[in-house]
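Asker: Just so it is clear: in the sequence shown, position 134 is 231 by my numbering, and no numbers are missing.
Where a beta carbon is used, it is the ideal one built from N, C-alpha and C, also for glycine.
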Amino acid sequence: MAALIWHPIRRLLFGLPGKPSISFDPARDIPSLADKVILITGGAGDLGKQLAIEYARHGPARIYIADLPCDDGGEAVIKEIRDGAPGCGDIVRFLAIDLSSLESVRKAAAEVTAAEDRLDILVLNAGVVLMKPDVTQDGYEMTWSINFLGHALLTKLLMPTLLQTAASTPEADVRVLAVSSEGHAMAPKGGIFFDKLKTGCSDLTYVQRYAQSKLAIIGYARELAARHPQIKVVSVHPGRILTGLFRRLQKDNLLFKYTAPITPFFCTTVENGVKNHLWVSTAPAADVVSGTYYEPVGITGKESALARDEKLSGRLWEWTEAELARWT
Ligand SMILES: NC(=O)c1ccc[n+]([C@@H]2O[C@H](COP(=O)([O-])OP(=O)(O)OC[C@H]3O[C@@H](n4cnc5c(N)ncnc54)[C@H](OP(=O)(O)O)[C@@H]3O)[C@@H](O)[C@H]2O)c1
Numbered sequence: 098m099a100a101l102i103w104h105p106i107r108r109l110l111f112g113l114p115g116k117p118s119i120s121f122d123p124a125r126d127i128p129s130l131a132d133k134v135i136l137i138t139g140g141a142g143d144l145g146k147q148l149a150i151e152y153a154r155h156g157p158a159r160i161y162i163a164d165l166p167c168d169d170g171g172e173a174v175i176k177e178i179r180d181g182a183p184g185c186g187d188i189v190r191f192l193a194i195d196l197s198s199l200e201s202v203r204k205a206a207a208e209v210t211a212a213e214d215r216l217d218i219l220v221l222n223a224g225v226v227l228m229k230p231d232v233t234q235d236g237y238e239m240t241w242s243i244n245f246l247g248h249a250l251l252t253k254l255l256m257p258t259l260l261q262t263a264a265s266t267p268e269a270d271v272r273v274l275a276v277s278s279e280g281h282a283m284a285p286k287g288g289i290f291f292d293k294l295k296t297g298c299s300d301l302t303y304v305q306r307y308a309q310s311k312l313a314i315i316g317y318a319r320e321l322a323a324r325h326p327q328i329k330v331v332s333v334h335p336g337r338i339l340t341g342l343f344r345r346l347q348k349d350n351l352l353f354k355y356t357a358p359i360t361p362f363f364c365t366t367v368e369n370g371v372k373n374h375l376w377v378s379t380a381p382a383a384d385v386v387s388g389t390y391y392e393p394v395g396i397t398g399k400e401s402a403l404a405r406d407e408k409l410s411g412r413l414w415e416w417t418e419a420e421l422a423r424w425t
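(1) Apart from the five residues just before and just after ASP235, which ones in its own chain have a Cβ nearer than 6 angstroms to its Cβ?
(2) Given this structure, state the Cα-to-Cα distance separating GLU415 from HIS248, to the nearest angstrom.
(3) When DSSP labels each residue in this structure, what does SER332 get in the three-state scheme?
(4) Between the stretch 400-407 and the stretch 147-163, can you find at least three pairs of beta-carbon atoms closer than 8 angstroms?
(5) Count the other C-beta atoms from every protein chain shown that fall within 10 angstroms of the C-beta of THR397, then say buried if there are 16 or more, exposed otherwise.
(6) Here's the rule I'm using: 16 or more other beta-carbon atoms within 10 Å means buried, otherwise exposed. How should ILE218 be labelled?
(7) Would the beta-carbon of LEU259 be found less than 6 angstroms away from any heavy atom of ligand 1?
(8) Should ALA275 and SER332 be called a contact, given that it needs their Cβ atoms to be closer than 7 angstroms?
(9) Measuring CB atoms only, is the stretch 340-351 touching the stretch 222-234, in the sense that at least three cross pairs come out at less than 8 angstroms?
(10) If you follow the alpha helix (DSSP H) that ILE314 is in, where does it begin and where does it stop?
(11) Verify whether the separation of the beta carbon atoms of ALA211 and LEU192 is less than 7 angstroms.
(12) With a threshold of 8 angstroms, are at least 3 pairs of Cβ atoms found where one atom belongs to the stretch 308-321 and the other to the stretch 258-272?
(13) Measuring CA to CA, which of VAL220, LEU130, VAL386 is closest to TYR161?
(14) Taking TRP320 as the reference, which of TYR390, LEU375, LEU259 has the closest Cα?
(15) Shortest alpha-carbon distance to VAL202 belongs to which of THR252, ALA131, VAL367?
(16) For the alpha helix (DSSP H) holding THR417, just list the boundary residues, first then last.
(17) Do you know how far the Cα of SER129 is from the Cα of LEU294?
(18) Return the CA-CA distance between SER378 and ALA318, expressed in angstroms with no decimal places.
(19) Does DSSP put ALA263 in a helix, a strand or coil?
Here it is as structure tokens:
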């Protein structure tokens, strides 16, 4: 009955369904991940943790849960992942990282490269929506730094290991997936305010600051893919899922607070919310096209015109190279 009422409303609000989603069942379709080393940022968050559980069920060598430092050194999240993937063994490691600090990113990347000689799947999944404008200790807009710049540095520092893995055997299949959002389409006119990225961007709304960072992720993934054909680099939108991100918004923002009772009708489960991540990272190599933005599951062509703008992504690449030069 609820479906009868909500389906038409959903269609009214969010439009007719586009291309059909690819049928994907993680239990059936994920191949063995034996020997693979995986790193997930935001791995202690709702989507990151579920993703780790799904990977752990398929036998990888190691999974790094890269997230903000916590008092128990990650013990609780490691237990949750092990409970979700019984028999996976002692494969999960916690890696403390604060993506708002480039020094913290550098330290975390050094820890990984010291411990591992391969990295097969890198998931740039951590993300925040911040109500108030803020600046990091390195002087960048906070949302930009956590969602985009910290991830760009992490990827650059781990790239030698990713490339080494790709070259290690003819079967090696290295993938980087950057978690964007359909919300990228709400970026301000022009897309990225390059001249304001070293301020709190207080003349943008919180939605625009989030959208600007998520737009950057799509363009950066495409630029990275073009420069490294040996690996696959894609960006994804996970869908709408009631996660920590939403719960924080419901606390901090009146609109989200008052619409909380109906939010579940527009959201899917965490299990569904990681299917696109899982598909792009484990589907047969021939099915996943490097440089592409995918909506769930495996749907292409839904990015905004600004996200397709190669002049903008080229400028973003140059800006990022210049800003990160002293860290690499
Ligand atoms: N949920 C959705 O509907 C939706 C829709 C579109 C896109 N996404 C994207 O999906 C990704 C996963 O988010 P989620 O929905 O799973 O939300 P979540 O549960 O809040 O997970 C995000 C994770 O990122 C961590 N994080 C926050 N700041 C960080 C920092 N400075 N350094 C390192 N890690 C940090 C969070 O840690 P704390 O919890 O300790 O802050 C949390 O563990 C995000 O990129 C988000 O933008 C989600």
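Answerer: Let's see:
(1) LEU199
(2) 16 angstroms
(3) strand
(4) no
(5) exposed
(6) buried
(7) no
(8) yes
(9) yes
(10) 303-324
(11) no
(12) no
(13) VAL220
(14) Note that residue 320 is Glu in the sequence shown, not Trp. Selected option, being the one with the closest Cα: TYR390.
(15) THR252
(16) 407-421
(17) 42 angstroms
(18) 14 angstroms
(19) helix
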